[in-house]
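A short write-up of the structure that comes next.
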């Protein structure tokens, strides 16, 4: 049974950074893809980027290039998403998800981490 | 503006059927598999359909998916009040080299 457990809510000041973790249990961690998706209040899902832990290879949505870093630690089965230069528009629920087998079919989701950016 | 276009809302009475369309292009739906997600209020999205028409274990056969060309469709039969949720299509875009989602469709059971 694959489970993804994310770190708790964060409140950040504009201009700062946030780092959210996603710990996996059950199943294989290294060879699957961990994707980060965010959802602003009342809005739809937005794909941010993904990583294949065993390859330590990440790719990002153009919108977030230069501002987001996704990493993974295979020894602790934990993935991380760090977003910098935060603005109020980054206030959202951030989800991690693991694929079924294609890399973009997100079969397992974390519970979400609320990041609030406020002065 | 999402690369994948979904209707903002659909509705039907209990027991009826609804279909949700997801329109894309050759860069995404036309050359990749489509997934569908259900998001109940206040919860994380849940995979309903993957590989265009496969259901994960535990998903009832009231939910079905299909794809033709650059469009995909989610069907829900025997509509129940518990099906009231937002539904999203998703796939990969070969030009962007990124995942993409539709804007979401709210299903209301009348």
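Residue numbers (my numbering), protein chains in the order written: chain A, 14 to 132; chain B, 45 to 154.
We treat Cβ as the ideally placed atom computed from N, Cα and C, and that holds for glycine.
Treat the numbers as computed from the prediction; the structure is a model and nothing was measured.
Quick check on DSSP: helix, strand or coil for residue i?
{"i": "residue 67 of chain B", "result": "strand"}
{"i": "residue 76 of chain A", "result": "helix"}
{"i": "residue 59 of chain A", "result": "strand"}
{"i": "residue 137 of chain B", "result": "strand"}
{"i": "residue 127 of chain B", "result": "helix"}
{"i": "residue 122 of chain B", "result": "coil"}
{"i": "residue 29 of chain A", "result": "coil"}
{"i": "residue 101 of chain A", "result": "helix"}
{"i": "residue 74 of chain B", "result": "helix"}
{"i": "residue 61 of chain B", "result": "coil"}
{"i": "residue 116 of chain A", "result": "coil"}
{"i": "residue 22 of chain A", "result": "coil"}
{"i": "residue 87 of chain B", "result": "coil"}
{"i": "residue 129 of chain A", "result": "strand"}
{"i": "residue 117 of chain B", "result": "strand"}
Span of the beta strand (DSSP E) holding residue i?
{"i": "residue 51 of chain A", "result": "47 to 52"}
{"i": "residue 86 of chain A", "result": "81 to 86"}
{"i": "residue 125 of chain A", "result": "No beta strand (DSSP E) contains residue 125 of chain A, which DSSP labels as neither H nor E."}
{"i": "residue 17 of chain A", "result": "16 to 19"}
{"i": "residue 99 of chain B", "result": "Where residue 99 of chain B is concerned, there is no enclosing beta strand (DSSP E), given that its DSSP letter is neither H nor E."}
{"i": "residue 93 of chain B", "result": "90 to 93"}
{"i": "residue 106 of chain A", "result": "105 to 112"}
{"i": "residue 82 of chain B", "result": "79 to 83"}
{"i": "residue 39 of chain A", "result": "Where residue 39 of chain A is concerned, there is no enclosing beta strand (DSSP E), given that its DSSP letter is neither H nor E."}
{"i": "residue 109 of chain B", "result": "107 to 112"}
{"i": "residue 93 of chain A", "result": "91 to 96"}
{"i": "residue 46 of chain B", "result": "Counting along the chain, residue 46 of chain B falls outside any beta strand (DSSP E), and DSSP gives it neither H nor E."}
{"i": "residue 148 of chain B", "result": "That residue, residue 148 of chain B, is in no beta strand (DSSP E); it is neither H nor E in DSSP."}
Contact check, residue i vs residue j under 8 Å by CB: the rounded distance?
{"i": "residue 50 of chain A", "j": "residue 92 of chain A", "result": "That pair is no contact at about 13 Å."}
{"i": "residue 79 of chain B", "j": "residue 118 of chain A", "result": "5 Å"}
Counting only Cβ pairs nearer than 7 Å, list the residues of chain B close to residue i.
{"i": "residue 48 of chain A", "result": "143"}
{"i": "residue 33 of chain A", "result": "The premise fails here: residue 33 of chain A is roughly 14 Å from chain B at the closest Cβ pair, so nothing lies under 7 Å."}
{"i": "residue 24 of chain A", "result": "Within 7 Å Cβ-Cβ: nothing; residue 24 of chain A doesn't reach chain B, min ~20 Å."}
{"i": "residue 18 of chain A", "result": "Here the premise fails: no neighbours, minimum Cβ distance about 12 Å."}
Mind pulling the chain B residues with CB within less than 9 Å of residue i?
{"i": "residue 123 of chain A", "result": "88"}
{"i": "residue 108 of chain A", "result": "88 and 89"}
{"i": "residue 15 of chain A", "result": "None at all; the shortest Cβ gap to chain B is about 11 Å."}
Along chain B, which residues have their Cβ under 8 Å away from the Cβ of residue i?
{"i": "residue 75 of chain A", "result": "140 and 142"}
{"i": "residue 128 of chain A", "result": "In chain order: nothing, as chain B lies at least about 15 Å away."}
What does residue i touch in chain A if you count any residue whose Cβ is under 8 Å from its own?
{"i": "residue 79 of chain B", "result": "117, 118 and 119"}
{"i": "residue 135 of chain B", "result": "117"}
Give the residues of chain A in contact with residue i, contact being defined as C-beta atoms less than 9 Å apart.
{"i": "residue 148 of chain B", "result": "56, 57 and 58"}
What do you reckon, is the C-beta of residue i under 6 Å from a heavy atom of the ligand PLP?
{"i": "residue 64 of chain A", "result": "Looking at this structure, you won't find the ligand PLP or any other ligand, since it has none at all."}
Any beta carbon from chain D within less than 7 Å of residue i's own beta carbon?
{"i": "residue 99 of chain A", "result": "Of the protein chains in the structure, A and B, none is chain D."}
Task: chain A contacts from the segment 91 to 115 of chain B (Cβ-Cβ distance under 8 Å) - done: 91, 94, 95 and 100
Task: Residues, ordered as in the chain, of the segment 70 to 102 of chain A that lie near chain B by beta-carbon distance below 7 Å - done: 72, 74 and 75
TODO: Taking a Cβ distance cut-off of 7 Å, strictly less, list which residues of the segment 118 to 131 of chain B are near chain A, in chain order.
DONE: none
TODO: Output, in sequence order along the chain, the residues in the segment 62 to 75 of chain B whose CB is closer than 7 Å to any CB in chain A.
DONE: none
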